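In this text, residue positions in the sequence shown follow numbering that gives the first Met the number 0: the first is 0, and each later residue adds one.
One structure is given below, encoded as structure tokens.
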Amino acid sequence: MKLWVLVLGLLLGPVAAAAQELSALARLVPGQSAIADRQGGVAVDLGLSQPVPWRVRVLDAPPRLVLDMREVDWTGLAGVARRSEAVLDLRAGVVRQGWSRLVMELAGPHLVTQAEMLTGESGAKVRLMLEPAGAAEFAAAAALPEPEGWAVPLGADLPRATPRGAGPLVVVLDPGHGGIDPGAERDELTEAGLMLTFARELKDLLLRDGGFQVILTREEDVFVPLEARISIARAAGAHVFLSLHADAIAEGEAVGATLYTLSDEASDAASQALAERHDRDDLLSGVDLTEQDDLVATVLMDMARTETGPRIERLTLALEDAIKAAGLRMHRHPRQTAGFSVLKSPDIPSVLVELGFMSSAQDLARLTDPDWRATMALALRDGLKAWAAQDAALSALRR
Ligand SMILES: [Zn+2]
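This is how it looks when you write it as structure tokens:
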């Protein structure tokens with residue numbers, strides 16, 4: 000491949016490549032990609048079918064390199080040659096519409112000492128050189144503020160009012176997990192796959208009803224960080240956010256649908272473990288949400304939550320009523336709380352629905368039964384409609 004240097008240079012901060020007008024999705028070219036330890040550092044080559052805008056930076060706790068690019072199809076990432084002790088794990092996926100992220104988990108602090116995109120007739124190549132760094136030096140680089148125009152904000156968004164007009168109810172459905180994070184697994188089935196199927200079915204049902212606009216946080220089996228799921232909901236102007244799961248729980252009894260809302264205090268140890276597991280799976284692939292809020296944002300969020308809290312409460316009650324009215328099995332404690340990060344939008348009523356638990360044979364049979372799923376989808380639709388009508392009436396009273 001004939002190569003010439005398109006962009007060169009970068010020491011500590013992120014680098015922006017020249018903007019390109021793109022006609023098609025870029026693809027990773029695994030055969031032209033390699034990660035290898037070299038001269039005490041790490042050399043990273045990523046072949047791409049075409050050049051794309053990109054940025055790179057490091058983050059701490061755990062040390063990791065984050066490479067954001069205009070959307071890239073990462074199929075074949077697992078096949079990239081890896082001969083590095085310093086790179087523990089690779090994850091990639093879409094972080095928000097049009098942007099994808101590659102996260103490289105590092106064994107220790109490393110800084111990017113060279114970053115360039117080479118382009119040629121047969122595509123492009125991102126070439127990075129990482130060198131081991133001292134803890135303090137690395138921490139300083141990892142703490143650099145997010146630059147202007149960073150494609151995917153690393154921090155929490157500020158609350159934005161989403162007044163509910165006369166138009167359709169904007170519902171964001173969030174099929175849990177995906178891509179490199181399959182979620183629970185039983186008998187060749189993954190939670191990620193089951194939830195994508197259910198989300199598509201529910202979306203179709205809601206669209207047929209006519210009163211809904213529906214956005215999915217992922218349309219296929221790709222990894223989407225929790226933070227990006229929230230960003231998608233914000234960008235869509237969501238009136239309501241439903242995260243769909245069917246986890247496996249080892250401890251205690253877990254059968255039947257359960258509605259989770261956000262709280263610092265988990266309703267029990269199993270709920271807390273469940274929320275922590277979701278955050279831990281996400282942390283290595285994205286950005287820790289908990290450290291991002293600055294003081295101003297926190298105050299604004301508290302204000303928004305005060306107003307949203309009662310709306311969420313009514314939403315879960317409406318969903319519970321509808322699920323029970325449909326004769327569907329619910330958990331013995333149908334409404335629970337835990338610190339699920341994906342529910343942290345302060346102003347969008349957000350509920351995490353465990354449709355059932357894959358660890359339960361009964362629930363698994365239900366989740367794989369199209370008739371059961373259709374009944375559950377109808378119940379959620381009815382619950383959303385009942386809540387929306389009540390919410391609109393109450394907000395008219397408040398005005
Ligand atoms: Zn899950």
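Ideal Cβ positions, reconstructed from N, Cα and C, are used throughout, including at glycine.
These numbers come from a predicted model, not from an experiment.
Coarse secondary structure for residue i, derived from DSSP in three states
i           : result
residue 103 : strand
residue 60  : coil
residue 118 : strand
residue 357 : coil
residue 21  : Note on residue 21: pLDDT 37, under 50, position unreliable in the model; the coordinate value appears next. In this structure, residue 21 counts as coil in the three-state DSSP scheme.
residue 394 : helix
residue 78  : helix
residue 149 : For residue 149, the pLDDT reaches just 49, beneath the cut-off of 50, and the residue's location in the model is therefore unreliable, leaving the point undetermined.
residue 112 : strand
residue 176 : coil
residue 124 : strand
residue 331 : strand
residue 29  : strand
residue 382 : helix
residue 324 : helix
residue 92  : strand
residue 142 : coil
Whole-angstrom C-beta distance between residue j and residue i, which should lie under 8 Å
i           : j           : result
residue 43  : residue 127 : 4 Å
residue 353 : residue 269 : The Cβ separation is near 11 Å, so there is no contact.
residue 333 : residue 258 : 6 Å
residue 401 : residue 69  : This structure gives no information on residue 401, because the portion of the chain shown stretches from 0 to 398.
residue 214 : residue 171 : 5 Å
residue 266 : residue 337 : 7 Å
residue 64  : residue 57  : 6 Å
residue 116 : residue 73  : Residue 116 to residue 73, Cβ: 17 Å. No contact.
residue 102 : residue 90  : 5 Å
Residue from the options whose Cα sits closest to the Cα of residue i
i           : options               : result
residue 307 : 261, 327 and 365      : 261
residue 121 : 46, 84 and 93         : 46
residue 382 : 79, 392, 168 and 322  : 322
residue 39  : 110, 209 and 329      : 110
residue 274 : 236, 343, 86 and 390  : 343
residue 281 : 315, 54, 175 and 193  : 175
residue 394 : 324, 309 and 316      : 309
residue 177 : 212, 188, 324 and 325 : 188
residue 325 : 117, 279, 88 and 373  : 373
residue 341 : 230, 364 and 312      : 230
residue 113 : 169, 55 and 375       : 55
residue 41  : 85, 92 and 355        : 85
residue 77  : 48, 28 and 377        : 28
residue 357 : 193, 59 and 265       : 193
residue 138 : 59, 232 and 313       : 59
residue 186 : 232, 329, 131 and 364 : 364
residue 108 : 93, 25 and 133        : 133
Any non-hydrogen atom of ligand 2 within 6 Å of residue i CB
i           : result
residue 244 : In terms of ligand content, the structure shown lacks ligand 2 and carries ligand 1 instead.
Buried versus exposed, by CB contacts within 10 Å (16 or more), residue i
i           : result
residue 238 : buried
residue 62  : buried
residue 226 : buried
residue 190 : buried
residue 203 : exposed
residue 143 : exposed
residue 100 : buried
residue 180 : buried
residue 369 : exposed
residue 335 : buried
residue 380 : buried
residue 118 : buried
residue 390 : buried
residue 263 : exposed
Extract the residue ranges of the beta strand (DSSP E) inside the segment 187 to 240, only unbroken runs of 3 or more that lie entirely within it. 211 to 215
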